[in-house]
Structures are given as C-alpha cells and as structure tokens.
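A short write-up of the structure that comes next.
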Amino acid sequence: MKFLKITSMALMCVVLFGCDNSNKVKTPDKADLTKLQDLVISEAKKVLPAKVDSNTSLVDIFKDNDVINYRYTINVSKDSLQIPETEKMTTESLKKVYCSNNQQIKEFRDAFPNGAVHSYYINDEKVFSVTLTPASCNTN
12 MKFLKITSMA LMCVVLFGCD NSNKVKTPDK ADLTKLQDLV ISEAKKVLPA KVDSNTSLVD
72 IFKDNDVINY RYTINVSKDS LQIPETEKMT TESLKKVYCS NNQQIKEFRD AFPNGAVHSY
132 YINDEKVFSV TLTPASCNTN
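Position 21 (the sequence shown) corresponds to 32 in my numbering; numbering is contiguous.
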C-alpha cells in the first residue's frame with residue numbers, strides 16, 4: 012500500500028522538526044535529553060493530524076520512557092487490510108529509515124535511545140504495532 016512509503020516520510024518529517032539545532036556530538040544528560048525530546052514532540056504535534064495517504068493519518072505523537080510513540084489511524088475496514096503483509100512491509104520500510112546512516116536519523120535515535128513505536132488503529136482498535144530500537148539495526 013502507498014501509505015507504507017509515506018509512513019517512512021512521516022518519520023523523516025518528525026526527525027527534521029526536532030534535530031535542526033543538534034550540533035553536539037556528546038551524549039546529552041538526562042535533563043538535556045528530556046528537553047530535546049519535548050522539543051521534537053511539541054514541534055511535531057503542531058502539524059497533527061497529518062495525512063499520510065488517502066487512508067492513513069498520523070494523529071498523535073508522544074514519549075514514554077525515552078521511546079517516541081506514533082499513533083496512526085487507518086480508514087479502511089479491518090477485513091480489507093491484509094494485516095500480516097501490511098505489517099511486514101511497514102516494518103521493513105520503517106526499519107530502513109530508522110536504521111539509516113543519515114546524521115539526522117542518528118541524532119534522532121540518540122534523542123530517543125529506547126526506540127520508536129508506530130501503532131496503527133482502525134476504529135480505535137489497534138491492528139498492529141512496529142517497535143524499533145537501536146538493536147533492531149543489528150538484525151536482518
């Protein structure tokens with residue numbers, strides 16, 4: 012589905028919102044990390060809800076325990092969505108972006124050291140989630 016490619020772009024947009032001023036190479040302390048995370052979240056929330064494609068919208072972004080969480084709604088019936096295939100393709104697409112060597116993506120991973128969770132809902136029912144951590148980049 013088209014929303015799979017766009018989902019990756021949504022992740023990139025969030026990264027770009029929060030990492031423009033990240034010139035430092037050193038690991039930030041907890042207070043600095045919290046401020047950076049709050050900045051990323053607050054800037055991203057300014058553009059929500061964001062249409063990802065004709066059937067998918069990014070509706071919320073929040074953090075929990077140094078993890079950034081994305082909530083998407085999909086406007087199709089659960090029966091028409093091929094969940095296993097869609098989940099697999101979405102996971103591969105998001106992992107490719109998350110694990111890239113792009114400097115801004117690296118800074119994003121540093122800002123949220125416990126990873127990212129992308130949760131997809133149809134009519135307020137979670138149909139699947141994709142969890143990515145730095146360890147995800149070490150596996151195929």
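We put the CB at the ideal spot given by N, CA and C, even for glycine. All of these numbers come straight from a predicted model, not from anything done at the bench.
{"Check": "Rounded to the nearest angstrom, what separates Asn-66 and Leu-47 at their Cα positions?", "Outcome": "31 angstroms"}
{"Check": "Residue range of the beta strand (DSSP E) that Asp-71 falls in?", "Outcome": "67-75"}
{"Check": "Hey, out of Thr-101, Phe-119 and Ser-53, whose CA is closest to Tyr-83's CA?", "Outcome": "Thr-101"}
{"Check": "Can you have a look at Ala-127 and say buried or exposed, based on whether 16 or more other CB atoms are within 10 angstroms of its CB?", "Outcome": "buried"}
{"Check": "According to DSSP, which residues form a beta bridge with Lys-62?", "Outcome": "Ser-68"}
{"Check": "Are the stretch 118-127 and the stretch 76-96 touching, with three or more C-beta to C-beta distances below 8 angstroms?", "Outcome": "yes"}
{"Check": "Report all residues from its chain with a CB closer than 7 angstroms to the CB of Lys-89; omit the five preceding and five following residues, and keep chain order.", "Outcome": "Ile-133 and Val-138"}
{"Check": "Can you tell me which residues form a DSSP beta bridge with Asn-125?", "Outcome": "BP columns for Asn-125 are empty, so no partner."}
{"Check": "Using CA coordinates, which residue listed in Glu-96, Asp-121 and Leu-69 is at the minimum distance from Ala-146?", "Outcome": "Asp-121"}
{"Check": "In the DSSP output, what is Glu-136 paired with across the bridge?", "Outcome": "Ile-133"}
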